[in-house]
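Student:
Protein chains: 2
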Amino acid sequence: MVTLHDVARAAEVSISTVSRALSAPDKVAEATRRRVTAVVQELGYTPNRAASLLRSGRTGSVGLVVPDLENPYFASLAKGVQSRAQEAGMSVLIADSDENPRHEPELLSQLVQQTDGVLLAAPRDLAADFGVMDGTPAILINAEHPDLASVSVDYEEAMVRAVAHLRALGHTRIAYVGGPTRSRSDGQRRAGLKLAGDQYDGLEILDLGAFSPKVEGGEAAADLALGSGATATIAYNDLVAVGLLRILARRGVDVPAQMSVMGCDDTLASQLATPALTTMYVDIRGAGEAAVNMFLELSGRTPGKGRVSDLAEHRTLPVQLVVRDSTAAPRRA
Amino acid sequence: MVTLHDVARAAEVSISTVSRALSAPDKVAEATRRRVTAVVQELGYTPNRAASLLRSGRTGSVGLVVPDLENPYFASLAKGVQSRAQEAGMSVLIADSDENPRHEPELLSQLVQQTDGVLLAAPRDLAADFGVMDGTPAILINAEHPDLASVSVDYEEAMVRAVAHLRALGHTRIAYVGGPTRSRSDGQRRAGLKLAGDQYDGLEILDLGAFSPKVEGGEAAADLALGSGATATIAYNDLVAVGLLRILARRGVDVPAQMSVMGCDDTLASQLATPALTTMYVDIRGAGEAAVNMFLELSGRTPGKGRVSDLAEHRTLPVQLVVRDSTAAPRRA
DNA sequence: ATGAAAGCGCTAACAA
DNA sequence: TTGTTAGCGCTTTCAT
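The listed protein sequences derive, respectively, from chains U and E. The working numbering numbers the first residue of the first sequence as 857 and each following residue consecutively. The working numbering numbers the first residue of the second sequence as 857 and each following residue consecutively.
(1) Only counting runs of 4 or more residues, tell me where the alpha helix (DSSP H) segments fall wholly within the stretch 1107–1144 of chain U, in order along the chain.
(2) Smallest Cα separation from Ser1182 (chain U): which of U:Gly1048, U:Leu964, U:Thr1087?
(3) Report the rounded CA-to-CA distance for Val1164 (chain E) versus Gly945 (chain U), giving the unit in angstroms.
(4) Suppose you measure from the CA of Gln938 (chain U) to the CA of Val1175 (chain U); what does that come to, to the nearest Å?
(5) My understanding is that Val874 (chain U) touches Leu860 (chain U), with C-beta atoms under 8 angstroms, so please give their C-beta distance in whole angstroms.
(6) Tell me which residues share the same chain as Gly1142 (chain E) and place their Cβ nearer than 7 angstroms to its Cβ, disregarding the 5 neighbours each side in the sequence.
(7) For Arg1171 (chain E), which of helix, strand or coil comes out of DSSP?
(8) Under 8 angstroms between C-beta atoms, does Thr1158 (chain E) make it to chain U?
(9) Measuring only the C-alpha atoms, how far is Glu1012 (chain U) from Val1138 (chain U)?
(10) Would you mind giving the Cβ-Cβ distance between Ala1125 (chain E) and Leu1022 (chain U), rounded to the nearest angstrom? I have them listed as a contact below 8 angstroms.
(11) Below 7 angstroms on C-beta distance, what does Ile950 (chain E) contact in chain U?
(12) Please look up how many angstroms separate the CB atoms of Ile997 (chain E) and Ala978 (chain E), rounded, as I've assumed it's under 8 angstroms.
(13) Give the straight-line distance between the Cα atoms of Lys1161 (chain U) and Leu909 (chain E), rounded to the nearest whole angstrom.
(14) Taking 8 angstroms as the threshold, find out whether the stretch 958–967 of chain E comes into contact with the stretch 918–925 of chain E through three or more Cβ pairs.
(15) Could you check the C-alpha separation between Ser947 (chain E) and Ala1105 (chain E) for me, to the nearest Å?
(16) Between which two residues does the beta strand (DSSP E) holding Ser1006 (chain E) run?
(17) Does DSSP classify Tyr1032 (chain U) as helix, strand or coil?
(18) Would the stretch 1047–1055 of chain E and the stretch 1091–1111 of chain U be scored as touching if the rule is three or more Cβ pairs under 8 angstroms?
(19) Three-state secondary structure (DSSP) at Val1164 (chain E)?
(20) If you measure between the beta carbons of Gly1034 (chain U) and Gly1065 (chain U), is that distance less than 8 angstroms?
(21) If you drop the 5 nearest sequence neighbours on each side, which residues of the same chain put their C-beta closer than 7 angstroms to that of Val895 (chain U)?
(22) Checking 8 angstroms against the spacing of the C-beta atoms, do Arg1180 (chain E) and Thr1134 (chain E) come in under that value?
(23) DSSP puts Leu975 (chain E) in a beta bridge; with which residues?
(24) Compare the C-beta of Val1071 (chain E) with all C-beta atoms of chain U and state if any pair is closer than 8 angstroms.
(25) Tell me, which residues are paired with Val948 (chain U) by DSSP?
(26) Tell me which same chain residues have a C-beta within less than 7 angstroms of the C-beta of Arg905 (chain U), skipping the five on either side of it?
(27) Under 8 angstroms, CB to CB, which of the residues in the stretch 890–914 of chain E have a partner in chain U?
(28) Once the 5 residues before and after Glu1072 (chain U) are set aside, which same chain residues still bring their CB inside 7 angstroms of it?
(29) Rounded to the nearest angstrom, how far is the Cβ of Val1111 (chain E) from that of Arg940 (chain E), given a contact under 8 angstroms?
(30) May I have the straight-line CA-CA distance separating Arg876 (chain E) from Met857 (chain U), to the nearest angstrom?
(31) Indicate whether Asp1094 (chain U) and Gly1058 (chain U) have their beta-carbon atoms separated by less than 8 angstroms.
(32) Does any CB atom of chain E fall closer than 8 angstroms to the CB of Thr1089 (chain U)?
(33) Determine the extent of the alpha helix (DSSP H) in which Leu925 (chain E) is found, giving its start and end residues.
(34) Kindly list, in the order they appear in chain E, the residues whose Cβ is closer than 7 angstroms to that of Ser932 (chain U).
(35) Excluding the five sequence neighbours on either side, which residues of its own chain have a C-beta within less than 8 angstroms of the C-beta of Met989 (chain U), listed in chain order?
(36) Just to confirm, is the Cβ distance from His1027 (chain U) to Ser1116 (chain U) under 8 angstroms?
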């Protein structure tokens, strides 16, 4: 292993000069700097992370807590976090709470000790989490708290646009299959739906109730949707939409001719479904990246353009309509 | 920050005793051990990883390299790795090569520095990877190398059973949509297919060629399958099967009545598809866990029952048939 | 602009 | 069984 000492010896300077040449190039004479970097190249020196971290008191990693890594939504999020962190020279410790809110605090407290900060995706029990965070920088994803920075998808806008799309196709009775009641993002979606409903004349939004945010949820809601007289149904997310699709197919209902179906999130699921789902694209990977960026600013590692307000910045991510094969004009009666 | 010194002082022992009490409890008197652990609890001491790394050369983490975290297959793998590692008190650093074999060596060399060992999932360019591994323990997943331990899914058996299922339904002409030519696991699948083909009289296996292991691949192969006169098609994996389903639906072909379709891997995709895919379940999570276990044995952290042959143990994981809605008896002509 | 030197918190000889 | 001690490779004052 090549160390600072080796480089220093070869370049005939002291180790502190080498250290400076690498981390604060402007504090070293041009000639010296060049000589040092040349030797570094030649010897193939790479700094020992452990040593520099020990010295500086940092760990060089961020923690990420997700409910379920197998859920395509969180897989994408993890991917975004991962890639941005890597760029910034940090590593990511991922903890999977297995959809169990009770695991969160425990996982969190583990992470807190091993990382410089934590990204919390869709936390279920913020209050409990708080206890163990103990001052560690934390960023919330799809959740908000007055004292914490956060990045969330604009689900309200997502619903407004979804309705606009269906309305443009000529639908006037639209059903909504909701997600978990306690979910903050379901609340946002409903707000968007209400907004859209008020905006158009003669448009009816039917609330089908709360369902599990999975395929099963959609399956449970399908007959309700059918019986509601709606010509289009918006699902809480893509998974739920897939469940709808499945039962509708079994009932012999042609999608989109007899019923239009929309998902949300544009996860892999929307592309896998048959017919492919019209859905709202939300940049999950971008959310992951944004969360890392916020963390970086918060902990002052980014030169920082003006530095964030204080601790608690809230960032909202835009959404976009993706039209595929599951929506069409309603059939003339 | 609580350090060893703090604990030592409070417990009235030396720092080395504390260190030992934690990492080699049997080398410390029972009473002392209890006193120390009590103080550790009380003070909330957690070892400084950077320091112990620096000193011991170990990191307490494993690296995992996957081609794509968004692919449900690798997401599950990551989940398995994650959970077993957690149990063993280790953390996981995940690197995503973004399906680009050229990223691998770079990611790997980063990981090698930060981990005690590396798990390589479906590596594309083992030769290049080798250069940077430089003696770090490595476990291959779905790949093999004479000098490295590995765990792979038994894709040969998977195909044998898939064919048996279709055969039992009455199919006699079965098409196979292959994956990447260079893929080792595609070779295994073909071997299984051949085996099965030879085993039954009057059974024809048609090779449709090599396709991208994604939805697009299946879409590309669909018309070929249709034109081949086969009554059933086996796809390289679930994603490819979904692609088939999509085009078949567009062509008005009823699955499974007119064409049976099988996927492979039993990823989320097979459940999301319409109709739900009959597929071969392979315990991907188990593979991840097994890989961690092997690493643990290899690096001698598990008391080890007899210690692995040498460096290179190869473990094979079983498969299982999952029947859903995409297969049925062929229609009488 | 450069060098000397003091540790960061911990592990692992080596002593006792 | 326990304690003493010497660093691991680096950053960072403080001199020069």
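All C-beta atoms in this analysis are idealised placements derived from N, C-alpha and C, irrespective of residue type, glycine included. All values derive from a computational prediction rather than experimental measurement.
Tutor: So, to answer that:
(1) 1124–1128
(2) Numbered from its first residue, the first sequence carries residue 1182 (chain U) at position 326. Comparing Cα-Cα distances from Ser1182 (chain U) to each of U:Gly1048, U:Leu964, U:Thr1087, the minimum goes to U:Thr1087.
(3) Residue 1164 (chain E) sits at position 308 when you count from the first residue of the second sequence. Residue 945 (chain U) sits at position 89 when you count from the first residue of the first sequence. Note that Val1164 (chain E) has pLDDT 41, beneath the 50 cutoff, so the model's placement of it is unreliable and the number below is only indicative. Looking at the two C-alpha atoms, the distance is approximately 36 angstroms.
(4) Here the question's residue 938 (chain U) lines up with position 82 in the first sequence. Here the question's residue 1175 (chain U) lines up with position 319 in the first sequence. Looking at the two C-alpha atoms, the distance is approximately 22 angstroms.
(5) As a working mapping, residue 874 (chain U) is identified with position 18 in the first sequence. As a working mapping, residue 860 (chain U) is identified with position 4 in the first sequence. Yes, Val874 (chain U) and Leu860 (chain U) are in contact; Cβ-Cβ is about 5 angstroms, under 8 angstroms.
(6) Position 286 of the second sequence holds residue 1142 (chain E). Within the same chain, Gly1142 (chain E) has close Cβ partners Gly936, Leu1173.
(7) The residue given as residue 1171 (chain E) occupies position 315 in the second sequence. Of the three classes helix, strand and coil, the one that applies to Arg1171 (chain E) here is strand, per DSSP.
(8) Here residue 1158 (chain E) refers to the residue found at position 302 when the second sequence is read from its first residue. Because Thr1158 (chain E) carries a pLDDT of 48, less than 50, the predicted location of this residue cannot be relied on, and the following value inherits that uncertainty. Cβ-Cβ to chain U under 8 angstroms: no for Thr1158 (chain E).
(9) For the purposes of this step, residue 1012 (chain U) is taken as residue 156 along the first sequence, with counting starting at 1. For the purposes of this step, residue 1138 (chain U) is taken as residue 282 along the first sequence, with counting starting at 1. Glu1012 (chain U) and Val1138 (chain U): Cα-Cα distance of roughly 12 angstroms.
(10) Locating residue 1125 (chain E) in the second sequence gives position 269, where the first residue counts as 1. Locating residue 1022 (chain U) in the first sequence gives position 166, where the first residue counts as 1. About 27 angstroms separates the two Cβ atoms, so there is no contact after all.
(11) Walking along the second sequence from the start, residue 950 (chain E) turns up at place 94. Near Ile950 (chain E) (Cβ distances below 7 angstroms), the residues of chain U are Gln938, Val948, Ile950.
(12) Locating residue 997 (chain E) in the second sequence gives position 141, where the first residue counts as 1. Locating residue 978 (chain E) in the second sequence gives position 122, where the first residue counts as 1. Contact flag correct, Cβ pair sits at about 7 angstroms.
(13) Walking along the first sequence from the start, residue 1161 (chain U) turns up at place 305. Walking along the second sequence from the start, residue 909 (chain E) turns up at place 53. With a pLDDT of only 34 at Lys1161 (chain U), under the threshold of 50, the placement of this residue in the model should not be trusted; the figure read from the coordinates follows. If you take the alpha carbons of Lys1161 (chain U) and Leu909 (chain E), they lie about 35 angstroms apart.
(14) yes
(15) On the second sequence, residue 947 (chain E) is found 91 positions in, with the first residue counted as 1. On the second sequence, residue 1105 (chain E) is found 249 positions in, with the first residue counted as 1. Between Ser947 (chain E) and Ala1105 (chain E), the C-alpha separation is close to 45 angstroms.
(16) Your numbering for residue 1006 (chain E) matches position 150 in the second sequence. Ser1006 (chain E) -> beta strand (DSSP E) spans 1005–1009.
(17) For this step, residue 1032 (chain U) is matched to residue 176 along the first sequence. Of the three classes helix, strand and coil, the one that applies to Tyr1032 (chain U) here is strand, per DSSP.
(18) no
(19) Counting from 1 along the second sequence, the entry for residue 1164 (chain E) is found at position 308. Residue placement at Val1164 (chain E) is flagged as unreliable, the pLDDT there being 41, under the threshold of 50; the coordinate-derived value follows with that caveat. If DSSP states are grouped into helix, strand and coil, Val1164 (chain E) belongs with coil.
(20) Within the first sequence, residue 1034 (chain U) is the residue found at index 178, counting from 1. Within the first sequence, residue 1065 (chain U) is the residue found at index 209, counting from 1. Against a cut-off of 8 angstroms, the Cβ pair of Gly1065 (chain U) and Gly1034 (chain U) comes out as a contact.
(21) Here residue 895 (chain U) is taken as the residue at index 39 of the first sequence, counted from 1. Contacts found: Val863, Ala866, Ala867.
(22) For the purposes of this step, residue 1180 (chain E) is identified with residue 324 of the second sequence, where counting begins at 1. For the purposes of this step, residue 1134 (chain E) is identified with residue 278 of the second sequence, where counting begins at 1. Closer than 8 angstroms, so yes.
(23) Residue 975 (chain E) sits at position 119 when you count from the first residue of the second sequence. E:Leu920, E:Ile995, per the DSSP bridge assignment.
(24) Here residue 1071 (chain E) refers to the residue found at position 215 of the second sequence. It does; some Cβ of chain U falls within 8 angstroms.
(25) Reading the first sequence from its first residue, position 92 is the one you call residue 948 (chain U). Answer is U:Val918.
(26) Position 49 of the first sequence, counting from 1, holds the residue named residue 905 (chain U). Cβ neighbours of Arg905 (chain U) beyond the five flanking positions: Gly916.
(27) Thr902, Asn904, Arg905, Ala906, Ala907, Leu909, Leu910
(28) What you label residue 1072 (chain U) is simply residue 216 of the first sequence in a count that begins at 1. Closer than 7 angstroms at Cβ, skipping near neighbours: Gly1099.
(29) For the purposes of this step, residue 1111 (chain E) is identified with residue 255 of the second sequence, where counting begins at 1. For the purposes of this step, residue 940 (chain E) is identified with residue 84 of the second sequence, where counting begins at 1. About 37 angstroms; that fails the 8 angstroms criterion.
(30) As a first step, residue 876 (chain E) must be located in the second sequence, where it is residue number 20. As a first step, residue 857 (chain U) must be located in the first sequence, where it is residue number 1. Arg876 (chain E) and Met857 (chain U): Cα-Cα distance of roughly 28 angstroms.
(31) Taking the first sequence and counting its residues from 1, one reaches residue 1094 (chain U) at position 238. Taking the first sequence and counting its residues from 1, one reaches residue 1058 (chain U) at position 202. It is not a contact, given that the beta carbons lie outside the stated cut-off.
(32) Within the first sequence, the letter at position 233 stands for residue 1089 (chain U). Not an interface residue.
(33) Taking the second sequence and counting its residues from 1, one reaches residue 925 (chain E) at position 69. Unbroken run through Leu925 (chain E): none, as it is neither H nor E.
(34) To locate residue 932 (chain U), count along the first sequence from 1; it is residue 76. Per Cβ cutoff of 7 angstroms: Glu926.
(35) On the first sequence, position 133 is the one that residue 989 (chain U) refers to. For Met989 (chain U), where only same-chain residues beyond five positions count, the Cβ hits under 8 angstroms are Leu964, Val968, Val974.
(36) Numbered from 1 along the first sequence, position 171 holds the residue referred to as residue 1027 (chain U). Numbered from 1 along the first sequence, position 260 holds the residue referred to as residue 1116 (chain U). Against a cut-off of 8 angstroms, the Cβ pair of Ser1116 (chain U) and His1027 (chain U) comes out as a contact.
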